[in-house]
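A short write-up of the structure that comes next.
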Amino acid sequence: MAVRVGIVTFPGSLDDRDAQRAARLAGAEAVPLWHGDPDLRGVDAVILPGGFSYGDYLRCGAIARFAPVMDAIIAGARDGLPVLGICNGFQILCESHLLPGALVRNDHRKFVCKDQRLRIENASTAWTSGYATGQEIVIPLKNGEGGYVASDATLDELEAEGRIIARYLDGNPNGSYRDIAGVSNAAGNVVGLMPHPEHAVESLTGPSTDGLGFFSSVIASVLSSTLATAR
Amino acid sequence: MPRVIVDVVLKPEILDPQGQAILGALGRLGVAGVSSVRQGKHFELDVEDSVGEDALQHIADTLLANPVIENFTIRRA
C-alpha cells in the first residue's frame, strides 16, 4: 500500500495542490487535510504548505497554529510523525514551537522570487535522507518574510546538533541568520524549509527536479520505520 | 468593562525593515532629527473582571506576541 502523505489546506494556503502533486509524483498517496478538521485520516506524514494562511494576520502562521488540525499534528510530531513545513508551513511550525526560532520580514524589504541554490547540510532527517550531505540543489524561493532568526545560543545549538538541514548559496536572499534555509527538530522528523521543493518536481514547470528528494525521502523513512515495527 | 492595553515591539536585536522604511519616508516628509523608528503593535482588549493577570500574561505571551522575536507590555487603561 502506498505511503499516505497528508497535505493541510488552511484558508489562504496556495501551494497545497502543488504539494499534493509532488507527493504523488514521488509515489505517495496524497491525502487532503482540512484546517478545521482535527482528523488526520490515518496519514503517515504531514505537509504544511506555503501560502498566506489567515492572510498573515497578526504574524505569519500565528493564527494557523491554533487551527483544530494543528492539535493532532503537534501531538503527532512529538510522537515521531514526519512533518514538513514549507514557507508558510515553516512559519507555522515555528509559531507552534515544534521548531526553534522565527521568520521575519526580508532584510531588504522586497518580496523575493527566484530559483535558489541550496546546500543540503544534513541528509539524515526523515525529509532529506534521499540527498547526500553537501549536495547542492536548485529549487524556487518565494517569500516576503523568510528571514530566519534565533538567539545565538539557539543557533549554536542547531549547528552543534546538525539541525541546520539546508543553507542558501550564492548570497543570502532574505537576511536569514547564518544563511539558514531550513532546520529540523532534535529527532529529525519535523523539518521546516523556506524554499519550495514542491515547485521543482518536473522539468516542464520547475528549474530542476531537485525537490523530489524531500518527498521520496519521507516515503523511504515511513517504509523503513514500518519494517522496523513489523520485525 | 475594564480595558487592557498590550503593546508589542520587536526585540532590540531583531532588524525592523518596516521601521527603516518609515525612517526613509520621514526624510522625504521633510522632518529632520529622527534617527530611528521601530514599528510595533498595539492591542486594546475589553476584558471582564474575572480575567486576571495570569490570563493576560498567557494571552500576550502565547498569541499577541512571539517571545522569540518580540517583547510586550501589559497595562490597564
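So the sequence lines, in the order shown, correspond to chains A and B. Sequential numbering from 7 applies to the first sequence in the working numbering. Sequential numbering from -1 applies to the second sequence in the working numbering. Beta carbons: idealized from backbone N, C-alpha and C, even for Gly.
Give the secondary structure of residue i by DSSP, where H, G and I count as helix, E and B as strand, and everything else as coil.
i, result
"I97/A", "Ile is not the amino acid found at residue 97/A; the sequence shown has Gln there. Three-state result, Q97/A: helix."
"E204/A", "helix"
"Y63/A", "coil"
"R184/A", "helix"
"T139/A", "coil"
"Q37/B", "coil"
"A32/A", "helix"
"E11/B", "coil"
"D45/A", "coil"
"R111/A", "coil"
"V75/A", "helix"
"G86/A", "coil"
"G219/A", "helix"
"L105/A", "coil"
"L54/B", "helix"
"V52/A", "strand"
Strictly below 7 Å CB to CB, what residues from chain B border residue i?
i, result
"A108/A", "N64, V66, I67"
"V155/A", "I12, I67"
Under 8 Å Cβ-Cβ, which residues of chain B neighbour residue i?
i, result
"E101/A", "N64"
"N112/A", "P15"
Quick one: which chain A residues come within Cβ less than 7 Å of residue i?
i, result
"P0/B", "Near P0/B there are no residues of chain A at all, since even the closest Cβ is about 23 Å away, more than 7 Å."
"A23/B", "Near A23/B there are no residues of chain A at all, since even the closest Cβ is about 12 Å away, more than 7 Å."
For a contact meaning CB atoms closer than 9 Å, what does residue i contact in chain A?
i, result
"A19/B", "R115"
"L61/B", "L64, A68, I69, R71, F72"
Would residue i and residue j be called neighbours here (beta carbons separated by less than 8 Å)?
i, j, result
"T15/A", "P38/A", "yes"
"T134/A", "I98/A", "no"
"L124/A", "A187/A", "yes"
"F58/A", "G18/A", "yes"
"S214/A", "I145/A", "yes"
"V75/A", "V49/A", "no"
"D47/B", "P15/B", "no"
"D185/A", "R173/A", "yes"
What does residue i reach in chain B if we use C-beta pairs closer than 9 Å?
i, result
"G181/A", "L13, P15"
Pull the bridge partners of residue i from the DSSP assignment, please.
i, result
"S19/A", "G57/A"
"R173/A", "R125/A, I186/A"
"K120/A", "L147/A"
"T71/B", "D5/B"
"W40/A", "T15/A"
"A63/B", "A63/B is not bridged to any residue."
"D44/B", "R1/B"
"L3/A", "Outside the displayed range of chain A (7 to 237) lies residue 3/A, so it cannot be described from this structure."
Query raised in the report: Does the stretch 106 to 122 of chain A touch the stretch 155 to 174 of chain A, meaning 3 or more C-beta pairs lie closer than 8 Å?
Result: yes
Query raised in the report: If you pair each beta-carbon of the stretch 207 to 227 of chain A with each one of the stretch 0 to 11 of chain B, do three or more pairs fall below 8 Å?
Result: no
Report task. Decide if the stretch 23 to 30 of chain B is in contact with the stretch 210 to 223 of chain A; the criterion is three or more beta carbon pairs, one per stretch, under 8 Å apart. Result -> Pairwise C-beta distances place the stretch 23 to 30 of chain B out of contact with the stretch 210 to 223 of chain A, as fewer than three of them are shorter than 8 Å.
Query raised in the report: Is the stretch 57 to 65 of chain B close to the stretch 55 to 72 of chain A, with three or more CB pairs under 8 Å?
Result: Touching, yes.
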